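K.L.:
Residues 8 to 183 (my numbering) make up the sequence shown, in order.
C-beta atoms are modelled at their ideal positions from N, C-alpha and C, and glycine is treated no differently.
All figures in this text were calculated on a predicted structure; none of them were measured in a lab.
Just dropping this structure here.
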Amino acid sequence: VFSFMQSYLFSRNKHLVDFTHKVAQKFVFEGKHEEAIPAALHSLRFSIDTCGPDSVELVPAYLILAEASTGLGRLTQAEEYLSQAQWIVLKTSDCSNGIQSKLHRNLGLLYAAKGNFEESLYHLATDIYFASCAFGTHDISTSGGYFHMANVFFRQNKMDIADSLYTEVSSTSKFI
């Protein structure tokens, strides 16, 4: 009976992690950053309860929290969430390329929002590398990194580079 209850509780918490993460992600996609934070915090709490405080399973919740905080202009808070995610990724020897891609994309977007374009470009290039390893060079996930890099170059008024990256994005979208 005890192991059945443990299994049931684990399964229930895993479902709650997935559900609250999807809700938070939906709010972020809709631009409802304030509404995303409670759902992402619940996802984080359920992830901690299910997998422990140092599990790589916490990273997606930290990334959603960072993205929502960035969207609200709370850059210091976003940086704290990304630091937590980065620490977990650094301690995890078998972290997936997909997770590392998402982490570096979020770091790139944070540094772009802060106006630190060189650091932003470094993380976006790293995002593209990990996305290419995880999904292939012509996947929509990889082209997102090119798009964000193009935006950074555009903000730097480096139009030739921005245009070439936007062209890369549009040629990738033909494969979708």
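#1: By how many angstroms is the C-alpha of His-22 removed from the C-alpha of Met-12?
#2: Within a Cβ cutoff of 7 angstroms, which residues of the same chain sit near Asn-113, ignoring the five residues on either side of it in sequence?
#3: Contact between the segment 137-148 and the segment 95-109: three or more CB pairs below 8 angstroms?
#4: With 16 other CB atoms within 10 Å as the buried threshold, where does Arg-19 fall?
#5: Report whether the distance from the Cβ of Tyr-153 to the nearest heavy atom of the ligand COA is below 6 angstroms.
#6: How far does the alpha helix (DSSP H) with Val-159 in it extend, from its first residue to its last?
#7: Taking only three categories from DSSP, how would you classify Leu-79?
#8: So the candidates are Asp-61, Ile-168, Val-30 and Thr-179; which of them puts its Cα closest to the Cα of Trp-94?
P.N.:
Based on what the coordinates show:
#1: 15 angstroms
#2: Leu-70, Ala-73, Glu-74 and Leu-89
#3: yes
#4: exposed
#5: In the structure on display, the ligand COA does not appear, and there are no ligands present to speak of.
#6: 147-162
#7: coil
#8: Asp-61
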